[in-house]
Amino acid sequence: MSLLTADTIGKKFGGVIALKDVSLTVEKGEIVGMIGPNGSGKTTFINNLSGLYAPTSGRFMFNGEDITGLPAHVITGKGISRTFQNLRVFPNISVLENILIGLHCKITTSLWDVYAGVLKTRKVERQAREKAMAVLELADLAGRHDTLAKNLPYGKQRLLEICRAIVSDPHLLLLDEPCAGMNPVEMDDLAGFIRILQKKGITVFVIEHNMRFIMSVAERIIVLANGAKFQEGTPVEIQKDKKVQAIYLGEEGDL
Amino acid sequence: MEPTLENHGKQTGNPMTFKTVLNHPMFKKTAFLTAAAGCVLLPHIMTDTYYLGIINYMILYVILCMGLNLILGYAGLLSLGHAAFYGLGGYTTAILITRYGFGFLSCLILSGAIALLFGILLGLPTRKVRGDYFCLLTIAFGEIFRLVAQAWIGFTNGAMGIVGIPIPSILGWSIRTEVDFYYLGLILLGFTWITLSLLVHSKFGRAFIAIREDELAASVMGINTAVYKIIVFGIGCFYAGLAGSYLAVYQTTVTPSNFRLEESCLMIIMVIVGGMGSLLAPIAGVIIMTLATEYFRGIAEYRMLIIGVIMVAVLLFRPQGIFGTSAFKG
Ligand SMILES: Nc1ncnc2c1ncn2[C@@H]1O[C@H](COP(=O)(O)OP(=O)(O)OP(=O)(O)O)[C@@H](O)[C@H]1O
Ligand SMILES: [Mg+2]
Chain A
22 MSLLTADTIG
32 KKFGGVIALK
42 DVSLTVEKGE
52 IVGMIGPNGS
62 GKTTFINNLS
72 GLYAPTSGRF
82 MFNGEDITGL
92 PAHVITGKGI
102 SRTFQNLRVF
112 PNISVLENIL
122 IGLHCKITTS
132 LWDVYAGVLK
142 TRKVERQARE
152 KAMAVLELAD
162 LAGRHDTLAK
172 NLPYGKQRLL
182 EICRAIVSDP
192 HLLLLDEPCA
202 GMNPVEMDDL
212 AGFIRILQKK
222 GITVFVIEHN
232 MRFIMSVAER
242 IIVLANGAKF
252 QEGTPVEIQK
262 DKKVQAIYLG
272 EEGDL
Chain B
66 MEPTLENHGK
76 QTGNPMTFKT
86 VLNHPMFKKT
96 AFLTAAAGCV
106 LLPHIMTDTY
116 YLGIINYMIL
126 YVILCMGLNL
136 ILGYAGLLSL
146 GHAAFYGLGG
156 YTTAILITRY
166 GFGFLSCLIL
176 SGAIALLFGI
186 LLGLPTRKVR
196 GDYFCLLTIA
206 FGEIFRLVAQ
216 AWIGFTNGAM
226 GIVGIPIPSI
236 LGWSIRTEVD
246 FYYLGLILLG
256 FTWITLSLLV
266 HSKFGRAFIA
276 IREDELAASV
286 MGINTAVYKI
296 IVFGIGCFYA
306 GLAGSYLAVY
316 QTTVTPSNFR
326 LEESCLMIIM
336 VIVGGMGSLL
346 APIAGVIIMT
356 LATEYFRGIA
366 EYRMLIIGVI
376 MVAVLLFRPQ
386 GIFGTSAFKG
């Protein structure tokens, strides 16, 4: 059984057809890439998957369970985490607090525990902090745990957003253009980081425009064009594909 | 936490500054103990009942503003109806004590509970309506509350209000003098502070902040934002209910004019001036606004003008408030 099966997903915004019958699968432990020209529906696809939108048609099966149209917070609880194309860290609170919020669905403290189980709550909080620091350590951000998120350099904020998404040990991590605004060194670090996540058992689905990055990190690539699945294959196959090159002509020349 | 190479380097390059002293645990502990001792001893140092009376009102407003700050400063929901929840507490206590002979402690608890219940009910629409419309709803609720209190003469005694609320007593301690009320206020304030700090330092407090910072991202973190907004609104209103109960026994009367829109605005201003999103910051706002209105009592007709000027000055020169978090620096 695949970790994720998207079955003929369609999404309309009024008259605009953003997604048409997109079907794909993601296997456990894979790093899957998604590319496609601007406006081809990549972000819309993961917005539907993560519960921010409900698809107009089709269904998502995750771990054998139908999750189509569930609210975002429920889907996160089932083990799908994500980042955003236009970076959405919580700007005015510390790096550590950002990560702790990412751990929300794993902290079992009830409102009753807050007042009546002070010691238990304190223990849970301490463990949460340790867990959060361990994740920051992994991304080399531990030394900045006290910094306000907005005061981090842009590349580090993107890394923070990924840390916030993985601290809850998701089964599937969705990254929407994680390289945007990064310099080449930061991109290489990020590629290394994603491979570490894969070793830790997280399946990664990554949307990216930067071809060098996606070709180096993804094991399988899905190409989207005009809201429909256009092609699918290994990085080598996709790079050689004349039709894929054609839809990118005039878009970016670096394929 | 183990110092890593990165921050270690920074600390050695940066010797004892004013800020590191302020953040030192030893300093914090000493400051806290001194402040606590000062609070307990205060009525013995300041024996003038006029000043003590002003301080009692300050305590009352601090309780109100700490609850409001949870809603406004932590979760970022603008409520202009806080006086109504204050009023619900006031009337609950006044009616239960004078007509049904309830003890003060049970009145206090029930006042909080009624405010909590109505807070949850008014919080329900946050699921559906945007922040600015929600704010309009809270204004409407506040006005409806006041009009009902004025018009339902059989139950609330209308504009005359409920008078002759007897001296309260808790577990044999009868609360008569300004000093007694000071200690009652201090206990309520301590309760408010402790319970709020437990809340904001849990996953609930972080969820409220996440909603304020970015509601969509909060939902993707697994936070059921609809439910958390209702929780934060209800809990914030609970403290207003407690404050209302205190007001009823302290003033010995409650009237609809105690709970006007103007009061809600004043509380908002106190929270903004003190600083939003930090637990104790509203204290500064309460002290400044109370002293200012007391000082200019002679020209009472300009009261709102003076309040307005102070608020504009704070927003211009220190937009996050005196002790607020940087979230509101703009
Ligand atoms: N909320 C929305 N309302 C209306 N139309 C939308 C909405 N979201 C996306 N669209 C439309 O759906 C189409 C796909 O947009 P989407 O953002 O998914 O593209 P993308 O592949 O992520 O592009 P990019 O590479 O620029 O990020 C676009 O035509 C866009 O205008
Ligand atoms: Mg996109």
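If you read the sequences in order, they're chains A and B.
All the letters of the first sequence, read from the start, carry residue numbers 22 to 276 under our numbering.
All the letters of the second sequence, read from the start, carry residue numbers 66 to 395 under our numbering.
Quick reminder that beta carbons are idealized off the backbone N, C-alpha and C, glycines included.
Compare the C-beta of residue i with all C-beta atoms of chain A and state if any pair is closer than 7 Å.
i	result
Asp38/B	Past the boundaries of the shown model lies residue 38/B; chain B is included only from 66 to 395, so the question cannot be answered.
Ser267/B	yes
Gly339/B	no
Ile288/B	yes
Asp279/B	yes
Arg164/B	no
Leu263/B	yes
Arg195/B	no
Ala346/B	no
Ser343/B	no
Arg271/B	yes
Ala178/B	no
Ser144/B	no
Ala205/B	no
Ile119/B	no
Less than 7 Å between CB atoms is the rule here; does residue i satisfy it with respect to chain B?
i	result
His125/A	yes
Val135/A	yes
Thr97/A	yes
Arg143/A	no
Ile52/A	no
Phe34/A	no
His230/A	no
Ala246/A	no
Ile38/A	no
Ala160/A	no
Ile183/A	no
Could you check the C-alpha separation between residue i and residue j for me, to the nearest Å?
i	j	result
Met82/A	Lys49/A	13 Å
Leu254/B	Arg383/B	27 Å
Lys93/B	Thr221/B	47 Å
Leu161/B	Trp217/B	16 Å
Trp133/A	Leu201/B	32 Å
Ser239/B	Val213/B	32 Å
Ala378/B	Ala93/A	42 Å
Lys177/A	Leu162/A	8 Å
Glu280/B	Ser176/B	31 Å
Ala159/B	Ile96/A	48 Å
Cys172/B	Ser310/B	7 Å
Glu198/A	Gly299/B	39 Å
Ser23/A	Ile101/A	14 Å
Arg143/A	Ile56/A	45 Å
Thr163/B	Asn172/A	57 Å
Val336/B	Gly79/A	49 Å
Phe96/B	Gly223/B	In the sequence as displayed, the identity of residue 96/B is Ala instead of Phe. Their Cα atoms are separated by approximately 47 Å.
Buried or exposed, going by whether 16 or more other CB atoms sit within 10 Å of the CB of residue i?
i	result
Ala160/A	buried
Ala101/B	exposed
Met131/B	buried
Val297/B	buried
Gly250/B	buried
Thr29/A	exposed
Gly257/A	First, the amino acid is wrong: residue 257/A is Val here, not Gly. With fewer than 16 other Cβ atoms within 10 Å, it is exposed.
Gly389/B	buried
Pro231/B	exposed
Thr104/A	buried
Gly62/A	buried
Return the Cβ separation of residue i and residue j in integer angstroms, given the expectation that the two are a contact with Cβ distance under 8 Å.
i	j	result
Ile228/A	Ile67/A	7 Å
Met123/B	Val351/B	5 Å
Thr27/B	Ile128/B	Any question about residue 27/B goes unanswered here, given that chain B covers just 66 to 395.
Lys250/A	Leu45/A	7 Å
Ile120/B	Glu359/B	Not quite, the Cβ-Cβ distance comes to about 11 Å (not below 8 Å), so this is no contact.
Ala170/A	Phe111/A	6 Å
Lys294/B	Ala178/B	Lys294/B to Ala178/B, Cβ: 20 Å. No contact.
Met411/B	Leu189/B	What the structure shows of chain B is the stretch from 66 to 395, and residue 411/B is not part of that stretch, so it cannot be assessed.
Ile187/A	Ile128/A	Not confirmed; about 16 Å, so no contact.
Gly287/B	His192/A	Actually they do not touch by this definition, with Cβ atoms about 14 Å apart.
Pro76/A	Lys32/A	5 Å
Say the cut is 6 Å; is the CB of residue i nearer than that to a heavy atom of ligand 3?
i	result
Gln106/A	Ligand 3 is not part of this structure, which contains only ligand 1 and ligand 2.
Notebook entry, point to check: Taking three-plus beta-carbon pairs below 8 Å as touching, is the segment 143-154 of chain B in contact with the segment 257-276 of chain B?
Noted result: no
Notebook entry, point to check: Given 8 Å as the limit, is there contact between the segment 207-214 of chain A and the segment 141-152 of chain A, that is, 3 or more CB pairs closer than that?
Noted result: no
Notebook entry, point to check: Should the segment 180-198 of chain B be called in touch with the segment 304-319 of chain B, which here means at least 3 C-beta pairs below 8 Å?
Noted result: yes
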